[in-house]
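Residue numbers for the sequence shown follow our numbering, beginning at 15 and rising by one. Glycine included, C-beta positions come from ideal geometry on N, C-alpha and C. See structure below.
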Amino acid sequence: MEENKTTNSAEIMYIVIPCYNEEEMLPITARALVKKLDTLIADGRISPASKVMFVDDGSKDKTWQIIERLHRSCELFTGLKLSRNKGHQNALLAGLMTAKNYADIIVSMDADLQDDINAIDGFLDKRAEGCEIVYGVRSSRETDTGFKRWTAQSYYKLLEHMGVEITYNHADYRMMSKRAVEELENFKEVNLFLRGIVPMIGFKTDIVTYERAARQAGESKYPLKKMISFAVEGITSLSIKPIRFITTLGIGIFFISIIMLIYFLVIHIMGRTVHGWTTTVVSVWALGGLQLLAIGVIGEYIGKIYLETKSRPKYIIETNLEENE
Ligand code: UDP
Ligand code: MG
Numbered sequence: 015m016e017e018n019k020t021t022n023s024a025e026i027m028y029i030v031i032p033c034y035n036e037e038e039m040l041p042i043t044a045r046a047l048v049k050k051l052d053t054l055i056a057d058g059r060i061s062p063a064s065k066v067m068f069v070d071d072g073s074k075d076k077t078w079q080i081i082e083r084l085h086r087s088c089e090l091f092t093g094l095k096l097s098r099n100k101g102h103q104n105a106l107l108a109g110l111m112t113a114k115n116y117a118d119i120i121v122s123m124d125a126d127l128q129d130d131i132n133a134i135d136g137f138l139d140k141r142a143e144g145c146e147i148v149y150g151v152r153s154s155r156e157t158d159t160g161f162k163r164w165t166a167q168s169y170y171k172l173l174e175h176m177g178v179e180i181t182y183n184h185a186d187y188r189m190m191s192k193r194a195v196e197e198l199e200n201f202k203e204v205n206l207f208l209r210g211i212v213p214m215i216g217f218k219t220d221i222v223t224y225e226r227a228a229r230q231a232g233e234s235k236y237p238l239k240k241m242i243s244f245a246v247e248g249i250t251s252l253s254i255k256p257i258r259f260i261t262t263l264g265i266g267i268f269f270i271s272i273i274m275l276i277y278f279l280v281i282h283i284m285g286r287t288v289h290g291w292t293t294t295v296v297s298v299w300a301l302g303g304l305q306l307l308a309i310g311v312i313g314e315y316i317g318k319i320y321l322e323t324k325s326r327p328k329y330i331i332e333t334n335l336e337e338n339e
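What follows is the structure, encoded as structure tokens:
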């Protein structure tokens with residue numbers, strides 16, 4: 015505790031929180047965070063200019079009105095309103111990119127307080143040691159259902175298999191320095207999977223483990239359908255291995271066709287086949303293999319282009335309460 019007071023006392027910390035239909039959760043979250051920030055400021059661990067930035071991801075309920083009210087009642091709260099629902103990852107990115115203009119360090123977390131806010135102390139300790147990125151890692155998944163735990167774990171394994179570097183059991187609860195977020199801005203891809211991108215930034219990083227709690231109010235905004243599309247997004251935006259697999263399959267089948275060609279030729283020479291059968295069978299296999307191979311090769315290029323070209327805006331900010339001062 016003591017040494018942190020001297021090393022890092024003045025850093026401004028922003029906590030960025032994407033919110034989608036979180037009217038039930040927001041007052042609870044706000045109360046907990048204000049207490050946390052007050053303590054950290056009183057201890058001199060963060061600057062008094064630190065804030066909580068709620069990002070309203072096009073909510074249909076009273077989320078934005080609550081954010082505005084919090085902002086008016088307490089200077090620790092600020093808000094960002096997106097023009098429409100763009101999903102958790104884009105809302106988070108909008109928050110990070112805006113917060114970096116005001117803050118030295120930025121913590122990202124969910125609105126539901128499933129991530130233990132006391133891990134922020136750990137983040138600050140690591141920051142004092144010179145880390146630019148600190149990942150919050152769940153020590154257990156006891157509060158998740160068995161199914162969610164199992165799917166999540168298999169998914170991490172699959173990603174690893176696909177050559178994607180990812181921190182095990184880390185969601186989007188992390189601390190990034192202004193510098194790291196500025197580097198993140200240079201990753202222009204539209205297909206955003208922050209968990210896979212952030213490790214690419216590099217710098218000195220570390221992890222802080224914490225217990226993940228159950229959601230206190232409201233319901234999960236990640237039903238199975240969204241979870242699956244998020245999972246597919248993670249693979250296709252970070253790996254072209256599936257396409258490569260098709261190519262390998264094509265090569266395999268093509269080789270089988272050559273072996274068959276030799277086999278059928280031998281039988282043919284020995285005169286044991288019906289006339290014309292050999293050529294038909296061989297060409298079906300050879301062409302099939304070659305077609306798969308060709309599709310795979312083309313796919314390889316399309317995959318690359320796909321990753322690069324769609325440079326549409328990832329989010330549009332409707333209101334930034336920081337600018338209305
Ligand atoms: N969220 C968002 N936009 C969306 C869906 C979710 O900003 O389209 C936010 C949500 O308000 C929450 C966070 O993303 O703060 C994580 O969502 P949730 O807790 O429902 O996901 P889970 O913890 O169940 O995976
Ligand atoms: Mg949650």
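> Under 9 Å, do residue 96 and residue 208 count as touching if we go by C-beta distance?
Replying inline: Contact: no.
> Taking the alpha carbon of residue 335 as the point to measure from, which residue in 83, 136, 297, 50 has its own alpha carbon closest?
Replying inline: Selected option, being the one with the closest Cα: 83.
>> Just verifying my parser: in three-state terms, what is the DSSP assignment at residue 288?
In response: Reduced to three states, the DSSP call for residue 288 is coil.
> So residue 113 is in the alpha helix (DSSP H); what residue range does that whole segment cover?
Replying inline: Counting along the chain, the alpha helix (DSSP H) containing residue 113 begins and ends at 102-113.
> What three-state label does DSSP hand residue 118 in the structure shown?
Replying inline: The three-state reading of DSSP puts residue 118 in coil, since its state is none of H, G, I, E or B.
> How big is the Cα-Cα spacing for residue 280 and residue 185?
Replying inline: Rounded to whole angstroms, residue 280 to residue 185 spans 59 Å at the Cα level.
> When you compare only the Cα positions, how much space is there between residue 212 and residue 263?
Replying inline: Straight-line spacing of the CA atoms in residue 212 and residue 263 works out to 32 Å.
> Just to confirm, are residue 188 and residue 150 a CB contact at a threshold of 9 Å?
Replying inline: Yes.
> How is residue 22 classed by DSSP in three states: helix, strand or coil?
Replying inline: Confidence in residue 22 is poor, its pLDDT being 47 and thus under 50, which makes the residue's placement too unreliable to answer from.
>> Could you check whether the stretch 126-144 touches the stretch 163-173, counting it as contact only if at least three pairs of C-beta atoms, one from each stretch, sit closer than 8 Å?
In response: Contact fails between the stretch 126-144 and the stretch 163-173, because fewer than three Cβ pairs, one in each stretch, are under 8 Å apart.
> If you draw a straight line from the alpha carbon of residue 114 to that of residue 220, how long is it in whole angstroms?
Replying inline: Approximately 20 Å, taken between the alpha carbons.
> From residue 329 to residue 112, what does the alpha carbon distance come to, in whole angstroms?
Replying inline: For the pair residue 329 and residue 112, the Cα-to-Cα distance works out to about 12 Å.
> Looking at C-alpha atoms only, which residue of 90, 253, 101, 310 is the closest neighbour of residue 72?
Replying inline: Here the closest residue by C-alpha is 101.
> Going by DSSP, which residues form a beta bridge with residue 94?
Replying inline: Beta-bridge partners of residue 94 (DSSP): 69, 334.
>> By the three-class DSSP mapping on this structure, what secondary structure does residue 251 have?
In response: Residue state, collapsed to three classes: helix.
>> So, does the stretch 286-297 touch the stretch 49-66, judging by three or more C-beta pairs under 8 Å?
In response: Contact fails: fewer than three Cβ-Cβ distances are below 8 Å.
> Nearest CA to the CA of residue 319: which residue from 181, 302, 259, 203?
Replying inline: Comparing Cα positions, the closest option is 203.
> If you check the beta carbons only, do residue 42 and residue 109 fall under 9 Å apart?
Replying inline: Between residue 42 and residue 109, the C-beta gap is not smaller than 9 Å, which leaves the two residues out of contact.
> In terms of alpha-carbon separation, which member of 79, 142, 331 lies closest to residue 37?
Replying inline: Per the Cα distances, 79.
>> Spatial neighbours of residue 201 within its chain, please: C-beta separation below 6 Å, excluding the five flanking residues on both sides.
In response: Excluding residues up to 5 positions away in sequence, 211 lie with their Cβ nearer than 6 Å to the Cβ of residue 201 in the same chain.
> Is residue 188 helix, strand or coil by DSSP?
Replying inline: In the structure shown, residue 188 falls within a strand segment according to DSSP collapsed to helix, strand and coil.
> For residue 197, which option in 217, 44, 304 has the closest C-alpha, if you only look at C-alpha atoms?
Replying inline: If we check each option's Cα against that of residue 197, 217 comes out closest.
>> In whole angstroms, give me the CA-to-CA distance for residue 331 and residue 190.
In response: Going by C-alpha positions, residue 331 is about 22 Å away from residue 190.
>> Looking at the secondary structure, which residues open and close the alpha helix (DSSP H) in which residue 209 lies?
In response: 208-215 is the extent of the alpha helix (DSSP H) around residue 209.
>> Tell me which residues share the same chain as residue 422 and place their Cβ nearer than 6 Å to its Cβ, disregarding the 5 neighbours each side in the sequence.
In response: The chain is shown only over 15 to 339; residue 422 falls outside these bounds and no answer can be derived.
> Hey, how far is the Cα of residue 34 from the Cα of residue 206?
Replying inline: Roughly 18 Å between the two C-alpha positions.
>> Could you compute how far the alpha carbon of residue 69 sits from the alpha carbon of residue 121?
In response: Straight-line Cα distance between these residues: approximately 13 Å.
> Going by DSSP, which residues form a beta bridge with residue 4?
Replying inline: Here the chain comprises residues numbered 15 to 339, so residue 4 is not present and cannot be evaluated.
> From residue 315 to residue 136, what does the alpha carbon distance come to, in whole angstroms?
Replying inline: Rounded to whole angstroms, the separation of the alpha carbons of residue 136 and residue 315 is 44 Å.
> Which first and last residues belong to the beta strand (DSSP E) in which residue 31 is found?
Replying inline: Counted as a single uninterrupted DSSP element, the beta strand (DSSP E) harbouring residue 31 occupies residues 27-33.
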